[in-house]
Structure formats: structure tokens, C-alpha cells
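Colleague: Here my numbering is used: the first residue of the sequence shown is 1154, the next is one more, and so on.
The beta carbon of each residue, even a glycine, is placed where N, CA and C say it ideally should be.
Here the structure is a predicted model, which is why all the values come from computation and not from measurement.
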Amino acid sequence: MGLIPLAVAVMAITLVVLAAFMIPAFIELRKTAAAAREFLEGKESELKPIIRDLQETLADLRVLTQGAAENVEDVRVFMESMGDAGRSIQTINTVVGGVATVVGRSSLWLTGAKVAGKFILDRIIKKRG
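1) Does Gly1257 come out as helix, strand or coil in the three-state DSSP assignment?
2) Rounded to whole angstroms, what's the CA-CA distance from Leu1200 to Leu1211? Just pull it up for me.
3) When you compare only the Cα positions, how much space is there between Asn1224 and Ser1241?
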């Protein structure tokens, strides 16, 4: 037997042994691929309703955002009006404070004048009497 037939025989035996080990590995690889496919199909069917709900929620958010953006000008005008009302109330408060001060002072003057008048009247009455 020559060297070439021996090399061919060794290669043939190696291929048979390799095939014997590779066949179970390929079978297991095919089972794994089938299980992965089933898992992905199950997850896809679970995710479809979630994605649909998410898209509906995003559409609702877009509508809300557009509505809020449209009302920003109204809110700004309202806030300016509230500021104007606050300034008006502050002016009224200042005027009322000034009037209260004047009334308080005039009340003191009137009380003083009343007491002085009564005192003078008592003196005049005492001199006549």
C-alpha cells in the first residue's frame, strides 16, 4: 500500500468521524433555530398590540401638544391681564391708604377742635355764671 492510498483512507476515516460528530450538532442547531423562530414569533405577536397602543398614545400626545401650543397666546394675554389687575389693585390700595391717612389726621384735628371748642365754651359759661 502506497502513501497516497493511505492518506486517502485516513482522510476518509476523518471525514466519517467528523460527519458522525457534526450531524448531531447540526440537528441541535436546527432545533435551536426553530425554537428561536417560535420565540420571536410569540414576542412579535405580543409586541404588536403594545406598539399599536403606543402609536395611539403618541397621536393623542401630538393633539394635546398642538392644543397647548395654540392656547399659549391666550395664557400670555390672561397673565398680562392679571398683572394689570394686580397693578390696579396696588394703585387702589395706595389711594385708600392715603385717604385713610388724611381721614385719620382730619379726625385728630376734628377731635382736637371739638375738645378745644368745648373747653372754650366751658370757660365762657363759667365766666358768665
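Modeller: Once the coordinates are examined:
1) helix
2) 16 Å
3) 26 Å
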